[in-house]
Structures are given as C-alpha cells and as structure tokens.
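Number of protein chains: 2
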Amino acid sequence: MARQSIEDIRKIELIDAALAVIAEEGHDAATTQKIAARAGISAGIVHHYFGDKASLLQASMRAIRKPVVRAYVENLAAQGLTTTAGRPALEACLEAHLSPAILTVRRAAAWLQFTARVAYVPDYARVHALVRNRQIAALTRAVRPLVPHQGDAVRMGIRLAVALDGYWMECATREGGLTAKEARLAIDALLSDSVW
Amino acid sequence: MARQSIEDIRKIELIDAALAVIAEEGHDAATTQKIAARAGISAGIVHHYFGDKASLLQASMRAIRKPVVRAYVENLAAQGLTTTAGRPALEACLEAHLSPAILTVRRAAAWLQFTARVAYVPDYARVHALVRNRQIAALTRAVRPLVPHQGDAVRMGIRLAVALDGYWMECATREGGLTAKEARLAIDALLSDSVW
DNA sequence: ATTTATAGATTGAATGATCAATCAACTTAT
DNA sequence: ATAAGTTGATTGATCATTCAATCTATAAAT
C-alpha cells in the first residue's frame with residue numbers, strides 16, 4: 117500500500133465526518149462548517165480538496181457502499197467460491213447486505229438521506245443507478261441456477277433488491293426494530309419455491 | 117358535508133401545492149414562496165393559516181396517507197366485510213397500499229421525502245409512528261387467523277409492512293420500474309406457508 | 001548544519017445569495 | 001362598517017463559496 121498523501125488523508129477525514137453528520141443530524145443539517153468542525157479542520161479545506169460541497173457529498177455517498185461490496189467479495193472468498201452463481205453465492209451476497217457489521221444504523225441512515233434525493237440530485241442518481249444495477253446483477257446471477265424458468269431470475273433479483281432496500285430503510289427509521297435474523301427469515305420466505 | 121370555509125379551502129390548496137412541489141422538486145426545494153406560487157396565492161398566506169411552514173408540512177405529510185386508509189375501508193365495504201381478520205381483509209389492505217390509483221409516483225415520492233427525515237424532525241416522527249403502528253396493527257389483525265402460531269402474526273405483520281415500504285420506495289425512486297402486479301406476487305411469496 | 005526558496009496546506013473573515021417570518025397596508029365580502 | 005382575507009416589501013438569520021494572509025514542510029544551496 118502506497119503511503120497516503122495529505123490530500124488522501126484529508127479527503128477520507130472529510131468523507132467520514134460528512135457521513136457522521138448526515139447520519140446524526142440529516143442531510144439538510146450537514147453544512148460545510150459542521151462537517152469541517154467534525155473533522156477537526158477549517159471549513160475552507162472542503163473547497164480546497166473537493167472544489168465544492170456537492171463533490172464531497174457525492175464522494176461520501178459512494179463511500180457508503182464500498183464495505184458492502186468488500187464484504188460480498190470476502191464472503192465469497194471465505195467459502196472458497198469461484199462462481200457467483202448458485203445458493204452459496206446468494207448467501208454471500210445477502211449476508212453482505214444484512215450482517216450487523218455492515219447494516220449499521222449509521223450506514224443505513226446516511227444511505228437513506230442520499231437515496232431520498234436521487235430524483236432531484238443528478239449526482240446522486242448516477243451513484244444510485246450504478247449501485248442498483250450491480251446489486252440486481254449480482255442477485256440475478258446468483259439466483260439463476262435456482263429458478264426453473266430463465267425469466268424468473270431477473271424478476272427474483274429485483275424482488276430481493278427491493279426487500280433488501282426495505283430492510284435498510286427499516287434499519288434507518290426504527291432503531292433496533294428489526295433483527296438481522298428476522299430480515300433473513302423474510303428473505304428466505306421470498307425464496308420459497310412454492311410460488312414458482 | 118358542511119360548506120367549506122375559505123380557511124379550509126386555502127389549507128387544502130396549500131397542502132396540495134406543498135405535496136406537488138415536494139414530489140417534483142424535493143423537500144429541500146420546497147420553499148414557502150414556491151408552494152404559495154403553486155397554489156396561486158401569496159407567500160404570506162402560509163403563515164396566516166398555518167402559523168409557520170413546519171405546520172403546513174406536517175399537515176401535508178398526514179394528508180398523504182388519508183387515501184390509503186380510505187381505500188382500505190372502501191375495499192372492505194366493497195366485499196361486504198364486517199371483520200378485519202382473515203384473507204379477504206388482508207387483500208383489502210394490500211390492495212389499498214398497492215393499487216395504481218393509490219400508489220402513484222407523486223404520493224410515493226412525497227412520502228419518501230418525509231420518512232427520510234423522521235429521525236431528525238420530531239413532527240414527522242410522530243406522524244410516522246402513528247401511521248406505522250396502525251398499518252402493522254391492521255396487517256397483524258388480518259393475518260392472525262392465517263398463521264399457525266400466535267407469535268407469528270405480529271412478525272408477519274411487520275414483514276408485510278417492510279415489504280410494502282420497499283415497494284413504495286421503489287416506486288418513488290424508479291419510475292415505472294415495477295408493476296403493481298409484481299409487487300403483489302412478491303408479497304404473496306412472503307405469505308407462502310411453506311416457511312412456517 | 002544552517003539558511004533560503006518554494007509549494008502545499010490551512011485559516012477565518014468577507015461576500016452574496018436564499019429563505020422563513022413579520023407586518024403594515026390594501027382588498028373583498030357580509 | 002366591520003371583519004376576514006390577502007399582498008409583498010422588509011428583516012434577520014443561515015449558508016456556500018471566495019480569497020488574501022499565514023503557516024508548515026521539504027529540498028536545494030551555501
């Protein structure tokens with residue numbers, strides 16, 4: 117790992133601070149002043165490294181999903197999987213979205229702040245579309261060998277993605293209202309083959 | 117129906133305008149100026165009838181769910197139901213949440229704007245908690261005769277509520293991405309008894 | 001080793017824009 | 001004539017962004 121430049125360090129500090137403020141006080145309350153103060157630096161730094169506030173926020177949105185993708189890859193590796201199709205890969209993907217280490221209130225709350233603005237902020241729409249397409253693709257790929265008809269795979273991929281979204285949102289809105297176990301049970305119900 | 121006073125008329129006009137602006141441009145962009153202009157009246161009216169902007173917005177949030185409750189009641193009546201327990205009542209409730217007449221992009225988008233702020237705006241949290249509790253209660257009541265164990269009813273009620281939320285959010289975020297039919301299929305999968 | 005030069009990093013005050021809320025004046029209806 | 005309804009300019013607060021000034025670190029030169 118190459119040594120981090122000051123610029124890289126500051127950017128990461130600002131992104132972390134932005135996500136903390138957004139999760140705790142909401143996107144509306146996340147002023148550059150508050151974010152910079154949270155990072156322990158001056159407000160001017162935001163514009164020195166990111167140009168404007170919007171760039172910092174977009175980078176922050178992107179940062180939220182990195183741990184999910186990383187967990188998916190790690191879960192695959194931990195099971196020694198070389199394929200992303202089939203039930204074990206599906207497990208790896210679901211676990212990457214729902215395990216308590218990943219699905220924290222802070223992460224879910226911050227993600228909800230961004231997704232709620234997708235229809236109005238093109239920057240956010242781009243990130244969201246990218247994330248959504250990859251997520252549905254991964255779920256569809258995993259599910260394909262498990263469904264009797266080809267066309268069902270995409271449908272089930274989308275269905276799972278919507279369910280995962282619902283649980284992320286629930287996690288952001290009602291602290292401690294739902295356990296990861298319950299979420300897994302509900303999703304297993306979706307996968308029940310009695311409906312095909 | 118008693119004749120509406122000017123006050124009632126203006127309040128409704130302002131609520132409609134607020135929901136239109138919020139759905140089209142987002143909660144952040146919904147200034148009193150824009151809302152009043154949309155309603156075709158002066159900005160000062162907002163404070164004359166609602167006191168402040170926050171009251172108008174809270175009233176608008178409450179207004180979103182009224183058609184859902186009304187549809188539920190109407191659906192029950194249309195089937196001549198006198199009980200809110202059992203499969204037909206469950207149908208009535210699900211249909212009230214997912215029929216194209218109710219689940220419009222505009223309604224879903226506006227609702228998402230408010231729910232995303234529930235953790236930060238106590239006014240919104242109160243409305244949300246009320247709606248959520250009644251929704252889960254209705255679903256639980258309907259589902260109770262259908263599940264083998266008592267404890268499963270509440271769990272399934274919550275599960276259905278989360279799924280409905282997921283589809284409302286999907287409707288707000290991806291225009292035309294999902295049909296009401298698909299949503300119903302996914303929810304029926306949740307109800308499959310193979311998982312109990 | 002010390003000094004100097006230079007680029008990068010950082011600060012915080014100033015600017016201009018936006019917005020909610022107020023209110024005095026004006027209009028309409030009864 | 002009285003009350004209710006309505007307007008829009010004004011006020012004060014908040015915020016993103018800019019920028020001139022200051023500080024720090026590194027490397028070249030003496």
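Chains as they are written, first to last, in the numbering used here: chain A, 117 to 312; chain B, 117 to 312. For every residue, glycine included, the Cβ atom is placed at its ideal position computed from N, Cα and C. This structure is a prediction, so every number in the text was calculated from the model and none was measured.
- Within chain B, the residues whose beta carbon sits less than 8 angstroms from that of A:Glu298 are Arg271, Ile274, Arg275, listed in sequence order.
- A:Arg154 carries a helical assignment under DSSP once its states are collapsed to helix, strand and coil.
- Under the 10 Å beta carbon count, B:His244 is surrounded by 16 or more other beta carbons and is classified as buried.
- The beta carbon of B:Ala146 is closer than 7 angstroms to those of Ala134, Val137, Ile138 in its chain, skipping five residues each way along the sequence.
- In the three-state DSSP reduction, B:Asp168 falls in the coil class, being neither helix nor strand.
- The Cβ atoms of B:Leu206 and B:Val259 sit closer than 8 angstroms to each other.
- In the structure shown, the three-state DSSP call for A:Tyr188 is helix.
- In this structure, A:Gly273 sits near A:Thr256, with a CB-CB distance shorter than 8 angstroms.
- Taken atom to atom, the span from the alpha-carbon of A:Ala305 to that of A:Asp281 is near 16 angstroms.
- Within the same chain, Cβ atoms closer than 8 angstroms to the Cβ of A:Gln149 are found at Ala159, the five residues on either side in sequence being excluded.
- B:Met285 places its beta carbon less than 8 angstroms from that of B:Leu228.
- Between A:Pro183 and A:Ala296, the gap from beta carbon to beta carbon reaches 8 angstroms or more.
- Contact with chain A is absent for B:Gly267, since none of that chain's Cβ atoms lies less than 8 angstroms from the residue's Cβ.
- For B:Gln266, the enclosing alpha helix (DSSP H) begins and ends at 266 to 289.
- DSSP places B:Ile131 in the uninterrupted alpha helix (DSSP H) bounded by 122 to 141.
- Of A:Ala226, A:Leu301, A:Asp239, A:Leu307, the smallest CA-CA separation from A:Pro264 is found for A:Leu307.
- Looking from the CA of A:Ile252, the closest CA among A:Val237, A:Arg233, A:Pro261, A:Ala277 belongs to A:Ala277.
- Within a 10 Å sphere around the beta-carbon of B:Gly156 sit fewer than 16 other beta-carbons, which makes this residue exposed.
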